[in-house]
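**Student:** For the sequence shown, the working numbering gives the first residue as 250, with consecutive numbering after it. Don't be surprised by glycine CBs; every beta carbon is placed ideally from N, CA and C.
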Amino acid sequence: MNKTATSNEKNQAEDRLAASLFAEVFITDQLSRNLISRALPRGMQISHFSVLNLLAHLGEERTPAQLAEAFHVTRGAMTNTLSRLEWAGHIHIRPDWDDARRKFVSISPAGRAARDAATAAFMPLIADVVRDIGIERVRVALPVLRELRRRLEGGN
């Protein structure tokens, strides 16, 4: 067998491995979203929870543009999510006192309570999955998944 044939076989094997990895990531994303969606309080969507969770973790205001960038969605999609969260009383949106064209978003006490209730609803489910897989195996997988995320975000 010549070098070119061996190189082609190696490339094909790497392509199959990459396809398998991304297929598992896609399916895992779908199944985990379904699991979490079913556990969320009535009327709350994953996008709502995600925004509340980020604001709760940050502990400070963000602009809608910053939130859109953080979630890799359009500003229009983020505006829709923020409108629903504001209507539910889960966030406060205020103008920027220095630049009237800009707004700031913060989590409200009701939003923090909703986020905490959502976390309490689904955390036992995902914790059980991790325990079933094995804590050490999950620890080993996390660096690979983080690196995959960084590469896809363009951070090399």
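(1) Report the three-state DSSP secondary structure of H321 (helix, strand or coil).
(2) Ends of the beta strand (DSSP E) at R343?
(3) Report the CB separation of K352 from T323 in whole angstroms; it is logged as a contact under 8 Å.
(4) Can at least three beta-carbon pairs, one atom from the segment 314-322 and one from the segment 370-378, be found at a separation below 8 Å?
(5) Between the segment 260-268 and the segment 342-352, can you find at least three pairs of beta-carbon atoms closer than 8 Å?
(6) Ignoring anything shorter than 4 residues, give me the alpha helix (DSSP H) runs that lie fully in the segment 345-388, in order along the chain.
(7) Beta-carbon within less than 7 Å of A406's beta-carbon, same chain only, minus the 5 sequence neighbours each way: which residues are those?
(8) Just curious, the alpha helix (DSSP H) that A305 is in, first and last residue?
(9) How long is the line joining the alpha carbons of D381 and R400, rounded to whole angstroms?
(10) For A349 and A314, I'd like the C-alpha separation in whole angstroms.
(11) Which residues in the same chain have their Cβ closer than 7 Å to the Cβ of F271, if we skip the five residues on either side of it in sequence?
(12) Give every residue of the same chain whose Cβ lies closer than 8 Å to the Cβ of L334, excluding the five residues on either side of it in the sequence, and list them in chain order.
**Tutor:** So, from the listed chains and residues:
(1) coil
(2) I340 to P344
(3) Actually they do not touch by this definition, with Cβ atoms about 16 Å apart.
(4) no
(5) no
(6) 358-382
(7) One cannot answer for residue 406 here, as it falls past the ends of the chain, which runs 250 to 405.
(8) I295 to L307
(9) 29 Å
(10) 15 Å
(11) none
(12) H297, V300, L301, I340 and G360
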